[in-house]
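Chains Y and H supply the protein sequences, listed in that same order.
According to our numbering, the first sequence is numbered sequentially starting from 6.
According to our numbering, the second sequence is numbered sequentially starting from 5.
To start, the structure under review is shown below, and the notes come after it.
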Amino acid sequence: MPVVVADKDDQYVLNHCTRFLARDGDERRHDFGQYTADDPRGKLCEAWRYPIIDSYSDGASVEASYAYNAVTFVYDGRADAATDVAVTGTFTELHAQADLRPVAFLGEPSGIWALSVRVPKGQVHSYKLRVDGAWRTDPINPQSVVLDNGRTWSRFFTEGCQIPLSFSRHDRELLGRLVSHLLPFRLKENSRFIREVYEGLDRRSREQQFPLAYRLDEEVGVVNYIDKLIARAENHHADDYHSCLDIIDGLLRTRYPGRDPLMLPRDAFADLYAEMATDQVTGWDTDRYGSPRHFLLLLRRHAMTGAFVHPRHGGNSGTAGWVYLESRFRDQQDRTLFDWRATIEAPLGHNTDYRG
Amino acid sequence: MADEFAEILIIGSGAGGSPIAHTLVRAGHQVLMLEKGPLLRTQEQSPDGLSDFKRDELFATGAEKRLTVPGMANIGEPFFSSHVEPDLNDEPHVYREVDGTDRATIEGYTAQVVGGGTQLYGGVSLRFTPDDLRLATFNAGRTDLLADPNGEVEREARDWPVSYEELEPFYAEAERLVGISGTRDGQEKPTSAEHYQLPLDPNPISASVAAGMDALGMRRYRTPLAVITEDHAPSGRVVPTDRESIKTAFVNRYGDPLGLKSNTWISLLAPIAGDPNFELRANCVVTHLEADGSRVTRVHYRDPAGGRRTVQANVVIVACSAIESVRLLALSGRHDPAFGTRIHSSGLLGRYFLTHCFGGASAILPTRADKSKTLDSDWATDHCARAGWIREQGLWAGGVIYNNTSDAALPISLARTWQAMDMDNIWKGYLSETGIVGGGFEDYLDKNFGRRVSVSFMANQVAQPDNRIELHPTVRDKWGRAVAYVIKDWHSHDQELMRILADRCGEILRQAGPGVEFAGQGGVGGSVSRIANHVLGGARFGTDSRDSVLDRDCRAWEFENLYVTDGAVMPTSGGANPTLTIQANSLRVGQVLLGRL
């Protein structure tokens, strides 16, 4: 797969840089606990936005373009006065190198370098930058991955990604049990409905949209949404999840000796939820995480968002959350009262004026 | 770096800056516009046919961030801003809470993007009434005003230095150029020309509000909205074949990828973008102005990569939205004491800061509607803006009432705005109602999704000298500049006015038909931070240099070539959303300038 360059101009790049990168001073205004104390990213606003993941257009076919994102790599060369910047990674053929271009303002180099490339949706990639001959990880993007050879590379993932990045399988399933108590999709008629959505798709769509179908009847992709959210935009909440899922797993094992927490009846999670709501949970290790209610509220926000978010963000798998509302709320002539398809871009929805 | 030169330099591309730019460029003058935010384009405008705006609920309220501003009482608390609202950690607005603590707030920002607040607003484009512009005259000698023991309401009321009759042609021209759909009959605001496009059919949920208004004898009209429903010649825009598809809840608080919402970029700037006399520089923040005596000579700004640049100009127009315009002028005064002496000559810069008295009522309807297919409002009434009604109530001024249709229209927005009256409290209500879970979650959706209707009022706030914008003593933005400090409170008369108007809104819903479940009513009098993103006053215009910051042409009194054309100029806040009035006044000042250049 040779690099296909996406058509994003200098105005586009600057639009995505000034607010986040341009500033004076060394204050760590954006460190919410997600960075080590010496990580310079704490000075940057929303460093997680890089590389920029956006919609892609080949200028011809919306349908064909919809399978891809435009991924824009940015290097801020103002401090080191870089003269040559390139990128390589798993998104290119045999780690071919692609040059970033100097981004201009008023016809002069701004010091910012950028390259937009086409990458299929649903993927995870690692990459490195070559700055004046030296290879390095992306100094802006906080995501990184340690490869099998022990080397650290930068990482990004594209929209609708279903590949787990943050949680172990056990934690995903435990989180799924918690989430399925928060949201209504566990109720009998709803889970039947979700199965019908899944079963109504052809095999290719199933594999693309529901690779983790085994738990879709419960949580409509919320766990995957949270997995992606704490990998990127809300990385400062990664510790909340890791600590609390560990505490919850431990206290359920204490409460129900000899039983697998994942196999416990729903009431076990309903009881736990009720206790967390009061902030008084028997057996909760408050030295490790002070407020179970705080975590519950975090989970409530993420669950609600993940169930009904645009599927590009990894939740609302196969638009199951929207289809749930669409089918549940209907008028006397059986027309839907949540006609999301009229608004949302084709091929996900039916709107062809709006391209997504 | 050598100075550049511009005949006219305009700072800000929203409702205050764009109309005057349009006027001046069309007349052949050379205009350079600097805008702090990005240039986000519509599908039509972008090279690859994709818009920088999306129909995606996370564009209105993004990922959680945490407040890190030192000294704030709300440090460590989460905040959620849209993709074009400023980051509170980089550039907070700070307000003083009643307990004396300082808190950073997202309230009072418009948006930092080409088009400014008009990119995110709901598009409500009402005129003020003739009486809104002459409240001193209207209240002269009155002794019947409620809750005004010290006579401040009458004493502080001001007539605008321009009358409705003088402003009216510019209202009409703004309506023509911007592109507005609505109806006129029933408005208390006379017009000389009709440029409204036809409104689309109202959302079925609004029938209840229409019934309530009718039952109370309130004449109603279709709320004028800055959303085109027909092809719009002045801006060259074309509507989709399926006009019904224009109605989408992704309007209020979302930029419009199709450019049908008439923000100032698409309606006023894009049509002149190809003119060699016009240049727009996005992502450029002005740090301060420099003067030589009574002439502003130079504007200092940071380019998109943060580099320092300067421009010389013959005329400088400040239109950054009221709080930021006042801040820029005050910061310039700090850089240069001589500038400061002139801009502070009346002692009123930053004073008489205004927002609106606002609030309303809400109800749950027996039948559900598809609220995802709606614009921001369907019906409005000027019933409570009529002189007779205002006097009967013992009030100094009135306001418009209209229904909101886009609130809680989409599933995530229903939750995040649940019991949250402002953007500082987004998510808090839903999250803390932990009973909304499992089967309770379904009950919550059944009861609320597509069934909630609300009616709002937007009315004049009493002007008070101590309601003011200052520079914060310690908090600095990401460029090391002092941030805006908002100090304000409500007058006791405001509280009465809000109580009475909220009750009118409530009555509309109580009369809305059988089975309507009344859910509550109120105003914003319980919170000093509430602003509704209507930031007004702080540099008011007038006819007396001791009583105003700007003259009637919106020129700073002690300067030859410095103008302010955003909401900061307003001596009173008007009884309606302010955008159209800001636009009309900006067109008016443009006409004045044409006679001087």
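We put the beta carbon where it would ideally sit given N, CA and C, even for glycine.
Phe37, Cys50 and Ser60: these are the residues of the segment 37 to 61 of chain Y whose beta carbon lies less than 7 Å from some beta carbon of chain H, given in chain order. Isoleucine 117 of chain Y has a beta carbon lying within less than 8 Å of a beta carbon in chain H.
For the segment 301 to 315 of chain Y, the set of residues with a beta-carbon nearer than 9 Å to any beta-carbon of chain H comprises Leu301, Leu302, Leu303, Arg305, Arg306, Met309, Thr310, Ala312, Phe313, Val314 and His315, in chain order. Listed by position along chain H, the residues whose Cβ is nearer than 7 Å to that of tryptophan 345 of chain Y are Ser376. Here the C-alpha atom of glycine 82 of chain Y lies approximately 20 Å from the C-alpha atom of glutamine 148 of chain Y.
For isoleucine 405 of chain H, the enclosing beta strand (DSSP E) begins and ends at 403 to 408. Rounded to the nearest angstrom, the gap between the Cα atoms of arginine 135 of chain Y and arginine 556 of chain H is 59 Å.
Within 8 Å of the CB of glycine 454 of chain H, the CB atoms of chain Y belong to Phe334, Leu342 and Phe343, in sequence order along the chain. Taking all protein chains in view, the Cβ of tryptophan 164 of chain H is crowded by 16 or more other Cβ atoms within 10 Å, so the residue is classified as buried. In chain order, Asp307, Pro308 and Ala309 make up the part of chain H whose C-beta sits under 7 Å from the C-beta of phenylalanine 110 of chain Y. Contact annotation: alanine 238 of chain Y and alanine 67 of chain H have beta-carbon atoms nearer than 8 Å.
Annotation: the continuous alpha helix (DSSP H) that includes valine 67 of chain Y extends over 67 to 70.
Alanine 139 of chain Y has Y:Val136 as its beta-bridge partners, per DSSP. Boundaries of the alpha helix (DSSP H) around tryptophan 393 of chain H: 391 to 396. Rounded to whole angstroms, the gap between the alpha carbons of threonine 357 of chain Y and aspartate 339 of chain Y is 25 Å. Of Y:Ala52, Y:Gly323 and Y:Val79, the smallest CA-CA separation from aspartate 14 of chain Y is found for Y:Val79. Counting only runs of 4 or more residues that sit fully inside the segment 33 to 92 of chain H, the alpha helix (DSSP H) segments are 61 to 64, in chain order. Only buried fits histidine 241 of chain Y, as 16 or more other CB atoms lie within 10 angstroms of its CB. Following the DSSP letters along the chain, one finds aspartate 81 of chain Y inside the beta strand (DSSP E) bounded by residues 73 to 81. Residues of chain H whose Cβ lies closer than 9 Å to the Cβ of arginine 34 of chain Y are, in chain order, Thr72, Val73, Asp91, Asn93, Asp94 and Lys482. Contact check between the segment 265 to 272 of chain H and the segment 297 to 310 of chain H: fewer than three CB pairs, one atom from each, fall below 8 Å, which does not count as touching. Restricting attention to alpha helix (DSSP H) runs no shorter than 4 residues, the segment 171 to 218 of chain H encloses none. Assignment of beta-bridge partners to tryptophan 561 of chain H by DSSP yields no partner. Spatial neighbours of histidine 247 of chain Y in its own chain (CB-CB distance under 8 Å, excluding positions within 5 residues in sequence) are listed in chain order as Asp176.
Valine 118 of chain H and lysine 265 of chain H have their alpha carbons spaced roughly 14 Å apart. Linking arginine 260 of chain Y to aspartate 428 of chain H through their CA atoms gives a straight-line distance of about 39 Å.
Within the same chain, and ignoring the five residues on either side of glycine 216 of chain H in sequence, the residues whose Cβ sits closer than 7 Å to its Cβ are Ile512, Leu513, Gln515 and Ala516.
Chain order gives the chain H residues near glycine 64 of chain Y as Asp52 and Gly53, where near means a beta carbon separation below 8 Å. In this structure, the beta-carbon distance from histidine 476 of chain H to valine 98 of chain H falls below 8 Å.
Taking every protein chain shown into account, the CB of glycine 94 of chain Y has 16 or more other CB atoms within 10 angstroms, so this residue is buried. Residue contact with chain H for cysteine 166 of chain Y: absent (no Cβ-Cβ distance below 8 Å to any residue of chain H). In terms of beta-carbon proximity, cysteine 22 of chain Y lines the interface with chain H, with at least one pair separated by less than 8 Å. Going by beta carbons, glycine 454 of chain H and alanine 523 of chain H fall outside the 8 Å limit. About 6 Å separates the beta carbon of leucine 540 of chain H from that of alanine 326 of chain H, a gap short enough to meet the 8 Å contact definition. Residue pairing of threonine 314 of chain H in beta bridges, as defined by DSSP: H:His304.
The Cβ of alanine 317 of chain H sits no closer than 8 Å to any Cβ of chain Y.
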